[in-house]
Amino acid sequence: MHTIHSTLTEAEKWYFDLHGFLVLRNVIPKDEIEEMLKVIQHWLTIDEVDIPPPLDRGLQEPCKTHIGHIQYGHRLFEDLAMNPDIMRVVAGLTMNAPRLFHCNFTMMTKHDAPQHFHRDDSGFKYDYQAAAGHIYCSHIATWVALVDVPPGTGFCLVPGSHKSLFQTPENLPVKHDPPTSITLPMEAGDVAIFSTNLLHDASPWTEDYPRMNIFQRYQLSAYFNETGKGGYPLDEYRDKISDAQYE
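Heads up: the sequence shown begins at 1 in the numbering used here, then just goes up one per residue.
In structure tokens, the structure reads:
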């Protein structure tokens, strides 16, 4: 019988199973954050035609800008997708066999538009199980903070909702309203890792500087089932990533 050795601590298993997320502190050094922001600022300011493919830049009204496939644009983001501290947790939630299939940068400015909690899926529900001392979560997301996120704003979630079997109440407000929903105070370089079955969204951003983060998703490596998406790796741009990233 094949034995899976978990890379999670017992405390991490308990917390993730109870809440549906973990926060890792000080994962990305400040100097790397500064380098990332310099690269991203360049991509935000150059003309659309000058953005190196396969990167794509888009605007989601009224306040959100995203840049996709950033790991193909600079080694910093390729390394981030394989960061050992992040991958230890991601691997521990995916039977030691994760596959990156989504990677982008997002920027949000101050606004008061109403938000709605959601789960991420592709027309079907992702699996979450806990048994025999292990957790299996077939769909994981990481939220990497590039700027400080003060209390009461930023990433918002409903703890424990990754296991809920009941209909979510309509118009549940996306705000810090414990115990039902909470926002996660974070410093630049912190990383939130969560099940995409968890109800989540971005609460209205209240600061005078923009919220900036990198959003990565991982699946069990056997899955190639994103409806309407080819998934990674992008063979046309094979020369823009390392052998380790491709593998």
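No residue lacks a Cβ here, since even glycine has one placed at the ideal position from N, Cα and C.
Given the structure is predicted, the values throughout are model-derived calculations rather than measurements.
Going by beta carbons, I135 and D47 fall outside the 8 Å limit. Scanning the region 29-80 for uninterrupted alpha helix (DSSP H) segments of 4 residues or longer gives 30-45, listed from N- to C-terminal end. Of the candidates S221, P173, W14, V23, S221 places its Cα closest to the Cα of N96. Here D190 is buried, its C-beta having at least 16 other C-beta atoms within 10 Å. In this structure, the beta-carbon distance from Y218 to T94 falls below 8 Å.
Per DSSP, R217 is not a residue of any alpha helix (DSSP H); the beta strand (DSSP E) it occupies stretches across 211-220. Checking the DSSP bridge columns, you'll see L24 partnered with V191. In this chain, the alpha helix (DSSP H) harbouring R88 covers 84-93.
The same chain holds no residue with a CB closer than 8 Å to that of A11 once the five nearest residues on each side in sequence are set aside. About 30 Å separates the CB atoms of R88 and T180; that is not less than 8 Å, and the two are not in contact.
For N171 and G231, the gap between their C-alpha atoms comes out near 32 Å. For G154, the pairing in a beta bridge is given by DSSP as S203. In this structure, the CA atom of D243 is about 41 Å from the CA atom of H111.
Closest in C-alpha terms to H116, from the list S203, C63, Q71, comes S203. For D201, the closest C-alpha among the options W143, G92, D148, W43 is that of W143.
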